[in-house]
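Protein chains in written order, with our numbering: chain A, -17 to 466; chain B, -10 to 442.
Here the structure comes first, spelled out in structure tokens, and everything after it is commentary.
Dropping the structure here:
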């Protein structure tokens, strides 16, 4: 039931608004609203019950194993939340002057420094609000670099077919055309194909390494050499940084610009779809183009670097300084981990993924790249089950929900048919992994013995399988009182 | 090991199952020359207790001054229930609701959010959030260029009275697509965009006109005339609005004869703490006919196999994960949790509550302006009606005055000289419903002291 359907005219949560109703004496009638906005009218307790109940209709990290590939659904420490929400942090106005900002800016400055060290880049700007905005910033910097050199023939960005959809979309927003490069049969970028398409029209290449195929691209140095030789730059999509944190750095692989998804690798929560944060790091030659604002240190004082200090910057990407509260959470997380803790992130996320891969392939599931080592994630293909039993990946995914596990990423990357991209993260215990493996095996058995059972899933959730086609055809995007 | 549950025995058995001798062996596909070795500049781990000490000290260092700055971020009361509910792990630690059946909580909240934004703006449809107000405007501009089939130009009229950061962000986000932002001057007496200044563009091919309400100066714009001008000139009208102001101001859906085509804005006043500028959320609403050009997530109501009502992400063919390079935007992660908080905030306040908040802010700012302008040499710069902010001229350097006030724990407004040198020593002040009489008196007293020095 919607909150609107619990509404009664004249009911209020009276303690939540000013007790006095003042006059709008300075606003002429012509500017005023003629009819009151139709918002729900409920008591405080009704609202609390309603949203508590709704929360209970969600799967979440706090309640379930949530092995979504390339999403890094690791535990989000509660300490990060409560400390980032200290009342004085929450009360700080974004335009507060420097003498009321030193504590906050110290955290941001140190986070910039931490990210530089762990990514091997020369300079970092924290301002992008999410991974896709980090990508936009990165590609915009690549463009600014070429433009500044008068190199205007570079109109193309290369993107592997396994890339996240945001990569080509971000390149287009920067005015580039996108050329796709195929992956080879072993999951690495097909270097021969790359050689054919790289040239004076190449502005850059966007790569995720480890890629979304769950493997580390072993030819990265060769790729970097080829692209650099042609005058292009390398963009690193940090979606899978968790796999290599403290082991290999994008800067050392030859990347010129990167973004880091703090809501993945640095364990800030996903919040049902954000907020995230997508700081960008660059090599020396791209430093002048970083988005503003950034924090600089001068003796023991911190100050903002803005448009005035960075005339060549690609500019500003949010009204103020990006998702500051997310940045604080990531900073707190990084301080609790320390250097050694960061290395362990890569180690244990990789251990968990390889353990699952081995047990699942032993149980008769097909790995998409059986000869490869898993990184922090891996792909199973249910092609065989779909073909022989008529039970596809979506059916497996929905049935997993009945077993109390969130489904892995399904049907992505697009080039592997009937795929499940599974990322357990380092924070899951062996028992949890075993439970998930047992569930998948048990669903496989169901699929073999009683395929209809799997195809009808889920059964134990607030709703059964939803009609997506109806949702798009008979658009109902907002409640209206007359369709109650 | 922080947040890693493995015992030594677990590790031994897991490695044995994989068939390798140690964890290091799992990294054998990475070329050894690339390995970074120990990163010496990373700090040592801290316990939660230690980091709590550090963060408390940092937070305390910045103090708790009385805030009279608005300028796009407003210090409103947030009911206790809002963040207690939004911080529930089930909301806080869920992903984007790709598996709809396991995400009905988030999806229904977002459907309610869209419903409330539609009610507040008077538009037909809403998306489920963008990053912030400024990026929402940039996306609205891109959307208008795509959607306006009567226009072949990529020219957008954008008033100088609009938030300077919104103009900068929009510029940064659209310039690589060959879109031209043409600045409209504001009236120096009124602080608003005089519709007469549009005459010079009549007959030209313009894709859209941006209309802020209220504008950056707090001043109310002639939204009806501006909207009608846009439509008469085959341009789309993009409203940029404050959602709290919409509780009392005419909503964009009713501007002029036909209403605005797209409206967007900063959602922060609906339940997001000031928090140094983020996370906030951008919102965007539009007319039904434009829905397929919208960027970002949209939630739709549908039915399950048994005919029961349920919610799911819809019109996904607009989005990057399906359409890739042909998507309406690159946005993926948005500001879902902030939209969740806003939904709860609006449910708790209702229309009556939001009207009270809006009216209290308006009255408080009037009261503050009266107190400050009673001082010699302090005067309002513009003569038009305002919502809850006002520009004041000071008799001496604004910069110096604000620094001295800050040292006395009063954030006395924003210095406009950087973005609007033509206004001289001008500051933008705001008194939300949270500012009480003694704080305003204190502000007045301190300002008087500084001015009389």
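Where is the CB? At the ideal position from N, CA and C, for every residue including glycine.
- Within 10 angstroms of the beta-carbon of residue 421(B) lie 16 or more other beta-carbons, which makes it buried.
- Residue 298(B): member of the beta strand (DSSP E) spanning 298 to 302, first to last residue.
- Between residue 258(A) and residue 111(A), the beta carbon gap of about 7 Å places them in contact (Cβ cut-off 8 Å).
- Think of a sphere of 7 Å around the beta carbon of residue 44(B): the chain A residues whose beta carbon falls inside it are 65, 68 and 314, in chain order.
- Collapsing the DSSP output to three states places residue 275(B) in a strand.
- For residue 323(B), the chain A residues whose Cβ falls inside 7 Å of its Cβ are 255 and 256, in order along the chain.
- For residue 435(A), no chain B residue has a C-beta closer than 8 Å to its own C-beta; the minimum C-beta separation is roughly 14 Å.
- Here residue 220(A) has 240, 241, 242 and 243 as same chain residues with Cβ atoms under 6 Å from its own Cβ, once five neighbours each way along the sequence are excluded.
- Contact of residue 39(A) with chain B by beta-carbon distance below 9 Å involves 79, 91, 92, 93, 94, 95, 96 and 97.
- Taking C-beta atoms as the reference points, residue 231(A) and residue 25(B) count as a pair closer than 8 Å.
- Taken residue by residue, none of the region 223 to 234 of chain B has a beta-carbon sitting less than 9 Å from a beta-carbon on chain A.
- For residue 426(B), there is no enclosing beta strand (DSSP E); the residue is found in the alpha helix (DSSP H) stretching over 426 to 441.
- Note on residue 47(B): 16 or more other CB atoms within 10 angstroms of its CB, so buried under the neighbour-count rule.
- The C-beta of residue 269(A) comes no closer than 8 Å to any C-beta of chain B.
- Measuring C-alpha to C-alpha distances from residue 204(B) to each of 187(B), 189(B), 225(B) and 154(B) identifies 154(B) as the nearest.
- Contact between residue 325(B) and residue 95(B) holds, with the beta-carbon distance rounding to 7 Å and staying under 8 Å.
- For residue -5(A) and residue 339(B), the gap between their C-alpha atoms comes out near 8 Å.
- Closest option to residue 131(A), judged by alpha-carbon separation, among 271(A), 80(A) and 175(A): 271(A).
- Taking a C-beta cut-off of 7 Å against chain A, the contacting residues of the region 405 to 432 of chain B are 422, listed in chain order.
- As for any alpha helix (DSSP H) of minimum length 4 sitting wholly inside the region 111 to 185 of chain A, the runs are 113 to 130, 148 to 155 and 173 to 179, ordered along the chain.
- The straight-line gap separating the alpha-carbon atoms of residue 382(B) and residue 414(B) is approximately 6 Å.
- Here the alpha carbons of residue 68(B) and residue 26(A) stand approximately 10 Å from one another.
- Annotation: residue 151(B) has no Cβ neighbours in chain A at a cutoff of 8 Å; minimum Cβ distance is about 12 Å.
- Counting every other CB atom within 10 Å of its CB across the protein chains shown gives residue 385(B) a total below 16, marking it as exposed.
- A Cβ-Cβ separation of about 14 Å leaves residue -10(B) out of contact with residue 412(A) under the 8 Å criterion.
- For residue 317(A), the closest Cβ of chain B is nearer than 8 Å.
- By the neighbour-count criterion, in which 16 or more other beta carbons inside 10 Å mark a residue as buried, residue 159(A) falls on the exposed side.
- Close CB contacts of residue 60(B) within its chain, under the 6 Å cut and outside five residues either way in sequence, are with 403 and 417 (chain order).
- Here residue 268(A) has 123, 127, 238 and 239 as same chain residues with Cβ atoms under 7 Å from its own Cβ, once five neighbours each way along the sequence are excluded.
- Setting aside the 5 residues that flank it on each side, residue 149(A) is surrounded in the same chain by 117, 141, 188 and 219, each with a C-beta closer than 7 Å to its C-beta; the list follows chain order.
- Among the residues facing chain A, residue 0(B) is included, as its CB has a counterpart in that chain under 8 Å away.
- A residue is called buried when at least 16 other Cβ atoms come within 10 angstroms of its Cβ; residue -11(A) meets this threshold and is buried.
- Taken through DSSP and simplified to helix, strand or coil, residue 401(A) comes out as strand.
- Contact of residue 240(A) with chain B is not assigned, every C-beta pair being separated by 8 Å or more.
- If you ignore the 5 residues before and after residue 405(B), its C-beta comes within less than 8 Å of the C-beta of 380, 387, 412, 415, 416 and 417, all in its own chain and listed in chain order.
- Annotation for residue 380(B): no alpha helix (DSSP H) segment contains it, though the beta strand (DSSP E) segment containing it runs 378 to 382.
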